[in-house]
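Encoded as structure tokens, the structure appears first; notes follow it.
There are 2 protein chains.
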Amino acid sequence: MGKKTTIYDIAKRLNTTASTVSRALNNSPKISKKTKDLVLETANKMNYQQNKLALALKSGKSNNVGVIVPRIDSNFFASIIKGIEENLYAHGYRVIICQTQNNQNIEVEIINTLLKAQVDGILMSISSINLDTKNSFNRILQKQIPLIFFDRKANIKDVSSVTINDFEAGYMATKHLINQGCKKIAHLSGNILLDIFNNRFLGYKKALEEEGIEFNKAYVLKIRSTVKDGQNAAKQLLKLRNPPNGIFSSSDYAALGAIQEIKANGIKIPGDIKVVGFANEPFTKFMELSISTIDQSPVEMGKIAANVFLQQSNNSENTKIEKNVVLAPKLIIRKSSLKHPNE
Amino acid sequence: MGKKTTIYDIAKRLNTTASTVSRALNNSPKISKKTKDLVLETANKMNYQQNKLALALKSGKSNNVGVIVPRIDSNFFASIIKGIEENLYAHGYRVIICQTQNNQNIEVEIINTLLKAQVDGILMSISSINLDTKNSFNRILQKQIPLIFFDRKANIKDVSSVTINDFEAGYMATKHLINQGCKKIAHLSGNILLDIFNNRFLGYKKALEEEGIEFNKAYVLKIRSTVKDGQNAAKQLLKLRNPPNGIFSSSDYAALGAIQEIKANGIKIPGDIKVVGFANEPFTKFMELSISTIDQSPVEMGKIAANVFLQQSNNSENTKIEKNVVLAPKLIIRKSSLKHPNE
DNA sequence: ATTTATCTTGCAAACATTTTTAAAACCTAT
DNA sequence: ATAGGTTTTAAAAATGTTTGCAAGATAAAT
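Keeping their order, the protein sequence lines are chains B and L.
Residue 551 in my numbering is what sits at position 238 of the first sequence, and the numbering runs on without skipping anything.
Residue 409 in my numbering is what sits at position 96 of the second sequence, and the numbering runs on without skipping anything.
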């Protein structure tokens, strides 16, 4: 009873061959209605389930898609995955999740593993960009497997991507702070080697420039996306002879840490210092002092990334057509950055 | 150049056969060092990558494990998946993610799909329990595929599970409220057909009983895990002739909604009403009025569920040995439930 | 030099499908 | 009744591996 029933089993019972059964199950026009019904009935009776593995081997399509993210337990990435999964499931694809933990060795290894598993496509948010990873990307492309970047992209020819306009986001956030009366604006930045962080930084700079505010190198600190790093950054900023009165953080978590630290020093938010974060993590909305932030529409981003994949894998011609979708960021204004929070 | 190289290609180039190449690559002792080196070298040169699909078909092991959750974009489930993924990846398994969206039809369909995909195991948190799903579970068991429940389990013979002690959690939370001076304690409950919610409810009742507090049916409301439902529930509770002064919510989101609603009515938390939530979602910690809650150690839960799977799939004997791991919940006391929040 | 033992390799089957090609079976019209 | 055509089924090849069995080659021992 533990054995799986195959089309051979069905064939044997009906005194026919596997090919007939296969065609009958696939509703081929070459099979008479009578045998079709018979096959279908016995298949049901025998509890037959198609073995997708065999089909995959035969057809060369596994119907599996690999999704690679730095980590899954952040609302941002979880939401993207939600979008991808929902869209691809409806098209018969299964989604294989892998986390790099921001480790480039793991990243390269994961790509290899997915290739061996014969995935039909790879959707990923890169953790690092260097010679090894670039090599991996090329191996994917050589095998003609669709590769799509989301959020954190590398600039590689023929590779599509779905991102938000991070430059615009940085610009909007900074401009908003200026509009609320800030003249001395700090920026908590991520690793500038990644496009997303670099672009946010450039947007920040542009906004300052436009308003004739001089760029102050001491106001820009590199942080990881943690509460702790935000606290440390705030400490450092408050120690300055001329501390900022506005902070644009590339991370909601760091923004939170900064806010906690600043408050602990008896300094008022948004009164004395105004803060804008990034990513619209759920907690930013729920806090008493709700945090202004940038929304990146992660679920939509995931859905679009999935769509781009579907397009590319349908049109084998299109595999080489690069398509770069850039979503508009949304500035979400909450209390942490308002000049007059009670109005 | 787009063609994949197979062991046949390597064999042809070396004027030998596929079997030799296979053995060489697998470091079989039956192959001389000389040819091994030769094969390995040319395999590298030709950019060979093993086709896991073929191997899977041959061996009957796909090295894929299906993970089914109601949704992925909640910190709780994302964290569990993180634990599962990290543990299983290290053992050569890939994790296929599926969401049921709490829909039982989808749930049944997903199980079917995973079975066809020949997964080596299914780890799931059930969405619903009824005849159809039970049928699906039986089909999994019939195929001798390890099935492990986490958090939301069904009581099925021979099926292992990893849960927390929800009874204890409900008891702890309620007892804590009582200790903080509450005598009139409401409970926001989920669907009581699911064990987790029923057990939390029973724990709640037990604590009341132990303290000689009479059970009041009007204090128990059924909610979904949303802010909105929490708000509505609070509205309803406040309308009572004798409103509660403590709330134990089965959901952090609902607890948040209740808190918002209560505050909006000018009622003090924790002064007038004390609140405890459930799940330790990140925001509960970050809020100005931090929310007391129950931590379920989701990452650990995922890791343990993965371990149970690994044990069962190694010992084919053990497949039928039910193992029910019950983790201890942790009551995390924060401001929302404290008699004297400033001490 | 021949047998025996040991080491190394090749052949073919197996995994569960689909698909191409070929062959029956059936029917219709002459 | 038979040629021609159409419909239906059967046989075989193909997908990329692993593996049991047999055989070939080499080395050792008589």
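Each residue gets a CB set at the ideal place from its N, CA and C atoms; glycine is no exception.
Any chain B beta carbon closer than 8 Å to residue i
i, result
"L/Ile409", "yes"
"L/Met658", "Any question about residue 658 of chain L goes unanswered here, given that chain L covers just 314 to 656."
"L/Met600", "yes"
"L/Lys541", "no"
"L/Lys643", "no"
"L/Asn655", "no"
"L/Gln362", "yes"
"L/Ser441", "no"
"L/Phe462", "no"
"L/Met314", "Note that L/Met314 has pLDDT 44, beneath the 50 cutoff, so the model's placement of it is unreliable and the number below is only indicative. Interface residue, yes."
"L/Phe450", "no"
"L/Ala568", "no"
"L/Gln288", "Outside the displayed span of chain L (314 to 656) sits residue 288 of chain L, for which this structure offers no information."
"L/Gln625", "no"
"L/Ala369", "yes"
Distance CB(residue i)-CB(residue j) smaller than 8 Å
i, j, result
"B/Ile617", "B/Ala567", "no"
"B/Val588", "B/Ile582", "yes"
"L/Gly543", "L/Leu507", "no"
"L/Asn376", "L/Lys365", "yes"
"B/Ala499", "B/Leu550", "yes"
"B/Ile435", "B/Ile410", "no"
"L/Ala531", "L/Ala547", "no"
"B/Val472", "B/Asp445", "no"
"B/Pro642", "B/Ile477", "yes"
"L/Leu327", "L/Leu351", "yes"
"L/Val662", "L/Ser332", "What is shown of chain L runs 314 to 656, which leaves residue 662 of chain L out entirely."
"B/Val408", "B/Ile423", "no"
"L/Leu368", "L/Ala486", "no"
"L/Asn558", "L/Lys497", "yes"
"L/Val378", "L/Phe591", "no"
"L/Lys395", "B/Asp322", "no"
"L/Gln609", "L/Phe389", "yes"
"L/Gly483", "L/Gly516", "yes"
Local Cβ density within 10 Å of residue i, reported as buried at 16 or more and exposed below that
i, result
"L/Val639", "exposed"
"B/Leu370", "buried"
"L/Ser649", "buried"
"B/Thr330", "exposed"
"L/Arg384", "buried"
"L/Asp585", "exposed"
"L/Arg554", "exposed"
"L/Phe596", "buried"
"B/Glu527", "exposed"
"B/Asn655", "exposed"
"B/Asp479", "buried"
"L/Tyr361", "buried"
"L/Ser449", "buried"
"B/Glu523", "exposed"
"B/Glu594", "buried"
"B/Ile634", "exposed"
"L/Asp503", "According to the sequence as given, residue 503 of chain L is Gly; it is not Asp. That one is buried."
"L/Ile646", "exposed"
"B/Lys488", "buried"
Short CB-CB distance (under 8 Å) between residue i and chain L
i, result
"B/Thr319", "no"
"B/Ser724", "With chain B represented from 314 up to 656, any question about residue 724 of chain B goes unanswered, as that position is not in the structure."
"B/Ile385", "yes"
"B/Thr333", "no"
"B/Ser375", "yes"
"B/Glu398", "yes"
"B/Pro595", "yes"
"B/Leu366", "yes"
"B/Asn388", "yes"
"B/Ala337", "no"
"B/Lys395", "yes"
key: At least 3 beta-carbon pairs within less than 8 Å: the segment 598-618 of chain L vs the segment 448-466 of chain L   = yes
message = Ignoring anything shorter than 3 residues, give me the beta strand (DSSP E) runs that lie fully in the segment 451-490 of chain B, in order along the chain.
response = 460-463, 473-477
ask   = When the Cβ atoms of the segment 559-566 of chain L are set against those of the segment 545-565 of chain B, are three or more pairs found closer than 8 Å?
value = no
ask   = With a cut-off of 8 Å, do at least 3 Cβ pairs link the segment 597-609 of chain B to the segment 590-604 of chain L?
value = yes
Cβ pair count under 8 Å reaching 3, the segment 415-424 of chain L against the segment 397-404 of chain L = no
query = Taking the runs of the beta strand (DSSP E) that are 3 residues or longer, which of them lie wholly in the segment 368-428 of chain B?
reply = 377-382, 407-412
message = Threshold first: 3 residues or longer. Then list the beta strand (DSSP E) segments lying entirely within the segment 476-560 of chain B, N to C.
response = 498-502, 533-535
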